[in-house]
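Engineer: If you read the sequences in order, they're chains A and E. Take 1 as the starting number for the first sequence in my numbering and just add one per residue. Take 313 as the starting number for the second sequence in my numbering and just add one per residue.
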Amino acid sequence: MNFVTIANLTREKILYMIEMASEFERHPNRELLKGKVVATLFFEPSTRTRLSFETAANRLGARVIGFADPKVTSGTKGETLKDTILMVANYADVIVMRHFIEGAAVYASEISPVPIVNAGDGAHQHPSQCMLDLYSIYKTQGTLENLNIYLVGDLKYGRTVHSLIMAMRHFNPTFHFVAPKELAMPKEYKLYCDEHGIKYQEHTAFNEKVIQDADIVYMTRVQKERFSDLMEYERVKNVYILNNDMLRLCKPNMKILHPLPRVNEIAQDVDDNPHAYYIQQAANGLFAREAIFADVLGITLEQVKADTTIIS
Amino acid sequence: MNKKERLVAAIEHGTVIDHIPAAKTYQVASLLGLFDLKTPVTIGINYPSQKVGNKGIIKVSDKFFTDDEISRLSVVAPNVILSIIRDYEVVEKKAVETPSEIHGIVKCNNPKCITNNEPMATHFHVENNILTCHYCEREQDISHVELV
Chain A
1 MNFVTIANLT REKILYMIEM ASEFERHPNR ELLKGKVVAT LFFEPSTRTR
51 LSFETAANRL GARVIGFADP KVTSGTKGET LKDTILMVAN YADVIVMRHF
101 IEGAAVYASE ISPVPIVNAG DGAHQHPSQC MLDLYSIYKT QGTLENLNIY
151 LVGDLKYGRT VHSLIMAMRH FNPTFHFVAP KELAMPKEYK LYCDEHGIKY
201 QEHTAFNEKV IQDADIVYMT RVQKERFSDL MEYERVKNVY ILNNDMLRLC
251 KPNMKILHPL PRVNEIAQDV DDNPHAYYIQ QAANGLFARE AIFADVLGIT
301 LEQVKADTTI IS
Chain E
313 MNKKERLVAA IEHGTVIDHI PAAKTYQVAS LLGLFDLKTP VTIGINYPSQ
363 KVGNKGIIKV SDKFFTDDEI SRLSVVAPNV ILSIIRDYEV VEKKAVETPS
413 EIHGIVKCNN PKCITNNEPM ATHFHVENNI LTCHYCEREQ DISHVELV
């Protein structure tokens, strides 16, 4: 079994993975994967994601091999991805891969004899991030059903927000797309919402009134290099910044998420506000990734619940 | 015998491919692998046509194409008609049907797609004349595709 995309996960499977992640949160340290070898192949550096996967593997008792930097691999000598994957599959029980080429993980999953976990392939997919976002939403709201979710910032290039729309389609959400015109939600995703009966509203303003009905405010970074018109960037760069004063009207259950790294789009004064959740969100990534490892290696929720290898 | 048939010599057994947009004639010949055949092949272009403007005609002796081979033509020449000839008679006419999956043939127009960075075949899902790359999910219109 592989974990390469979020788009085709069923409602049942998403809820199953969330339940599995919460089991791992109760007891994160086990020897469930003792004797297994996990390979982490990072053809593109991503320290945060790699540390999260490697920690998940280590806390489940697996050993980890791999590379963090593509400069040290034979890919630079012209080796094909296929050869690299088949070679590593000789050594490892599961391969976690991050690649700058889109569709690399799907291809790897077609040729690999061992499970492939997609840790991000270019602008295409980053399903483990989506899984931890879903787990964070579930944990803070107690449900995934009927939520008002505000996506803020770069909705054009932000793959995490696109994945979230696809994954949430099973749970009757109402989305609010808050973005400058140049980074507005692409038409294809609005069509996707229409086809799947997902309600959405678009806003260019971002203030305390706009977000007062929010259950989740999902912030993303507005990056200068995304703008073709730098005047436009200068005009909007400070519009999509969340600060503490904007949280006065919000609902008590509202939580602020961010895939990180953050630059200035969430002011530092928000960090101590109880609505801030982005650091805990990253911690949830560990449990979500433990669940992903178990699932791709054929370990069921039942087995995780009956696990006798728990350390703490 | 009418005038049109005299423009290109009749064949005894084989396939006549008609209504090819003139500019696509060589692509069609290439997609069907006609340049590798040992049997006689006649390729004609710039015949007047009401359907496609100037058209091309290809006559291939002693060769009958599979549905799979024919479906490849859908990406360059969807209006093509193939006539199956036996003993100088048309025994069957086949239109091109667009398949729901296309393997190889078409190039993905995303330079960052794995299929453009690895020695491998492309793969597309086809719906309403839109090709979606199986790997990177980039979409392209069937009338604007570039061949491999």
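All residues carry an ideal CB built from backbone N, CA and C; glycine is no exception.
1) Counting only beta-carbon atoms, is E:M313 nearer than 8 angstroms to chain A?
2) If you run the structure through DSSP and keep just helix, strand and coil, what is A:V117?
3) Return the chain-ordered ranges of every alpha helix (DSSP H) run that is complete within the segment 247 to 304 of chain A and spans a minimum of 4 residues.
4) Determine the direct distance from the alpha carbon of E:D399 to that of E:K371, and round the result to whole angstroms.
5) Using DSSP with H/G/I as helix, E/B as strand and the rest coil, what is A:Y150?
6) Give, in chain order, every residue of the segment 96 to 111 of chain A whose Cβ lies closer than 7 angstroms to some Cβ of chain E.
7) How many whole angstroms separate the CB atoms of A:V217 and A:K237, which I take to be in contact at a CB cut-off of 8 angstroms?
8) Out of A:A167, A:T40 and A:R63, state which residue places its alpha-carbon closest to the alpha-carbon of A:A105.
9) How would you list, in chain order, the residues of chain A whose beta-carbon sits under 8 angstroms from the beta-carbon of E:K424?
10) Against chain A, does E:N303 count as a neighbour if the rule is that its beta carbon must be under 8 angstroms from one of theirs?
11) Does the separation of the CB atoms of A:F293 and A:L60 fall below 8 angstroms?
12) Near E:D453, what residues of its chain come up, given a Cβ to Cβ distance below 7 angstroms and the 5 sequence neighbours on each side ignored?
13) Following the continuous beta strand (DSSP E) through E:A407, name the residue where it begins and the one where it ends.
14) Please report the distance separating the alpha-carbon of A:G78 from that of E:C425.
15) Check whether the Cβ atoms of A:L249 and A:Q212 lie closer than 8 angstroms to each other.
16) For the segment 170 to 252 of chain A, list the beta strand (DSSP E) runs that are entirely contained and at least 3 residues long, ordered along the chain.
17) Check whether the segment 140 to 159 of chain A and the segment 167 to 183 of chain A are in contact - that is, three or more C-beta pairs closer than 8 angstroms.
18) Spatial neighbours of E:C420 within its chain, please: C-beta separation below 7 angstroms, excluding the five flanking residues on both sides.
19) Quick one: Cα of E:M313 to Cα of E:A321, how far?
20) Quick check: what's the CA-CA separation for A:R26 versus A:G103?
21) Return helix, strand or coil for A:E145, following the three-state DSSP convention.
22) Given this structure, state the Cα-to-Cα distance separating A:G35 from A:T300, to the nearest angstrom.
23) By how many angstroms is the C-alpha of A:L257 removed from the C-alpha of A:D133?
24) Would you decide whether A:T49 is buried or exposed? Buried here means 16 or more other CB atoms lie within 10 Å of its CB.
25) Please list, in chain order, the chain E residues whose beta carbon lies closer than 7 angstroms to that of A:T40.
26) When the Cα atoms are used, what is the spatial distance from E:V388 to A:M20?
27) Evaluate contact between the segment 360 to 374 of chain E and the segment 330 to 347 of chain E, counting only Cβ atoms and requiring at least three cross-stretch pairs below 8 angstroms.
28) How is E:R450 classed by DSSP in three states: helix, strand or coil?
29) Just the Cα atoms here: how many angstroms apart are A:D121 and E:D380?
30) Report the residue ranges of all beta strand (DSSP E) runs contained in full by the segment 11 to 87 of chain A; include only those spanning at least 3 residues, in chain order.
31) Look at the Cβ atom of E:I323, then the Cβ atom of E:I396, and state whether they are nearer than 8 angstroms.
32) Which partner residues of E:K371 appear in the DSSP bridge assignment?
33) I want to verify the contact list: residues of chain A whose CB lies under 9 angstroms from the CB of E:N421, in sequence order.
34) At which residues does the alpha helix (DSSP H) containing A:M97 begin and terminate?
35) Could you check how far apart the C-beta atoms of E:V340 and E:L394 are, in whole angstroms? I think they sit under 8 angstroms.
36) Against chain E, does A:T80 count as a neighbour if the rule is that its beta carbon must be under 8 angstroms from one of theirs?
Structural biologist: Checking against the coordinates, here is how it stands:
1) Here the question's residue 313 of chain E lines up with position 1 in the second sequence. Here E:M313 scores only 48 on pLDDT, less than 50, and its place in the model should not be relied on; the value that follows carries that caveat. Contacts with chain A at 8 angstroms (Cβ-Cβ) do not include E:M313.
2) Residue mapping note: residue 117 of chain A aligns to position 117 of the first sequence, counting from 1. In this structure, A:V117 counts as strand in the three-state DSSP scheme.
3) Within the segment 247 to 304 of chain A, complete alpha helix (DSSP H) segments of at least 4 residues are found at 278 to 296, given in chain order.
4) For the purposes of this step, residue 371 of chain E is identified with residue 59 of the second sequence, where counting begins at 1. For the purposes of this step, residue 399 of chain E is identified with residue 87 of the second sequence, where counting begins at 1. About 14 angstroms.
5) Reading the first sequence from its first residue, position 150 is the one you call residue 150 of chain A. In this structure, A:Y150 counts as strand in the three-state DSSP scheme.
6) Against chain E - using a Cβ distance shorter than 7 angstroms - the residues of the segment 96 to 111 of chain A are I101, E102, G103, A104, V106 and Y107.
7) Along the first sequence, read from residue 1 onward, the residue named residue 217 of chain A stands at position 217. Along the first sequence, read from residue 1 onward, the residue named residue 237 of chain A stands at position 237. That belief does not hold up - the Cβ atoms of A:V217 and A:K237 are roughly 19 angstroms apart, past 8 angstroms.
8) Here residue 105 of chain A refers to the residue found at position 105 when the first sequence is read from its first residue. Per the Cα distances, A:T40.
9) Within the second sequence, numbered from 1, the residue matching residue 424 of chain E stands at position 112. The contacting residues are F100, I101, E102, G122 and A123.
10) Only positions 313 to 460 of chain E appear in the structure, and residue 303 of chain E is not among them; the question remains open.
11) Against the first sequence, residue 293 of chain A aligns to sequence position 293. Against the first sequence, residue 60 of chain A aligns to sequence position 60. Contact: yes.
12) As a first step, residue 453 of chain E must be located in the second sequence, where it is residue number 141. Excluding residues within five positions, the ones whose Cβ falls inside 7 angstroms are N441 and I442.
13) Here residue 407 of chain E refers to the residue found at position 95 of the second sequence. That run of the beta strand (DSSP E) goes E401 to A407.
14) Numbered from 1 along the first sequence, position 78 holds the residue referred to as residue 78 of chain A. Numbered from 1 along the second sequence, position 113 holds the residue referred to as residue 425 of chain E. Roughly 17 angstroms between the two C-alpha positions.
15) Reading the first sequence from its first residue, position 249 is the one you call residue 249 of chain A. Reading the first sequence from its first residue, position 212 is the one you call residue 212 of chain A. Result yes, Cβ atoms of A:L249 and A:Q212 sit closer than 8 angstroms.
16) 174 to 178, 199 to 203 and 216 to 219
17) yes
18) Translated into positions along the second sequence, residue 420 of chain E becomes position 108. Closer than 7 angstroms at the Cβ level, and outside the excluded window around E:C420, lie T427, N428, T434, C445, C448 and R450.
19) Your numbering for residue 313 of chain E matches position 1 in the second sequence. Your numbering for residue 321 of chain E matches position 9 in the second sequence. With a pLDDT of only 48 at E:M313, under the threshold of 50, the placement of this residue in the model should not be trusted; the figure read from the coordinates follows. About 11 angstroms.
20) Within the first sequence, residue 26 of chain A is the residue found at index 26, counting from 1. Within the first sequence, residue 103 of chain A is the residue found at index 103, counting from 1. Straight-line Cα distance between these residues: approximately 34 angstroms.
21) In the first sequence, counting from the first residue as 1, residue 145 of chain A sits at position 145. A:E145: coil per DSSP, three-state reduction.
22) Residue numbering aside, residue 35 of chain A sits at position 35 when the first sequence is read from its first letter. Residue numbering aside, residue 300 of chain A sits at position 300 when the first sequence is read from its first letter. Rounded to whole angstroms, the gap between the alpha carbons of A:G35 and A:T300 is 18 angstroms.
23) Along the first sequence, one-based indexing puts residue 133 of chain A at 133. Along the first sequence, one-based indexing puts residue 257 of chain A at 257. Spanning the two alpha carbons is a distance of roughly 8 angstroms.
24) As a first step, residue 49 of chain A is located in the first sequence; it is residue number 49 there, counting from the start. With 16 or more Cβ atoms within 10 Å of its Cβ, A:T49 is classed as buried.
25) In the first sequence, residue 40 of chain A corresponds to position 40, counting from 1. Within chain E, no residue comes near A:T40; the closest Cβ sits about 19 angstroms away, beyond 7 angstroms.
26) As a first step, residue 388 of chain E must be located in the second sequence, where it is residue number 76. As a first step, residue 20 of chain A must be located in the first sequence, where it is residue number 20. Annotation: E:V388 to A:M20 spans about 49 angstroms, alpha carbon to alpha carbon.
27) yes
28) Locating residue 450 of chain E in the second sequence gives position 138, where the first residue counts as 1. Of the three classes helix, strand and coil, the one that applies to E:R450 here is coil, per DSSP.
29) Working through the first sequence from its first residue, we reach residue 121 of chain A at position 121. Working through the second sequence from its first residue, we reach residue 380 of chain E at position 68. One C-alpha to the other measures close to 33 angstroms.
30) 37 to 42 and 63 to 67
31) The residue given as residue 323 of chain E occupies position 11 in the second sequence. The residue given as residue 396 of chain E occupies position 84 in the second sequence. The Cβ-Cβ distance between E:I323 and E:I396 does not fall below 8 angstroms.
32) If you number the second sequence from 1, residue 371 of chain E lands on position 59. Beta-bridge pairing links E:K371 to E:V328 and E:T354.
33) Counted from its first residue, the second sequence places residue 421 of chain E at position 109. In chain order: nothing, as chain A lies at least about 12 angstroms away.
34) Here residue 97 of chain A is taken as the residue at index 97 of the first sequence, counted from 1. No alpha helix (DSSP H) holds A:M97; the beta strand (DSSP E) holding it covers V94 to H99.
35) Within the second sequence, residue 340 of chain E is the residue found at index 28, counting from 1. Within the second sequence, residue 394 of chain E is the residue found at index 82, counting from 1. With 8 angstroms as the limit, E:V340 and E:L394 do not qualify as a contact, their Cβ atoms being about 10 angstroms apart.
36) The count along the first sequence starts at 1 and reaches residue 80 of chain A at position 80. Yes, A:T80 lies at the interface with chain E (some Cβ there is under 8 angstroms from its Cβ).
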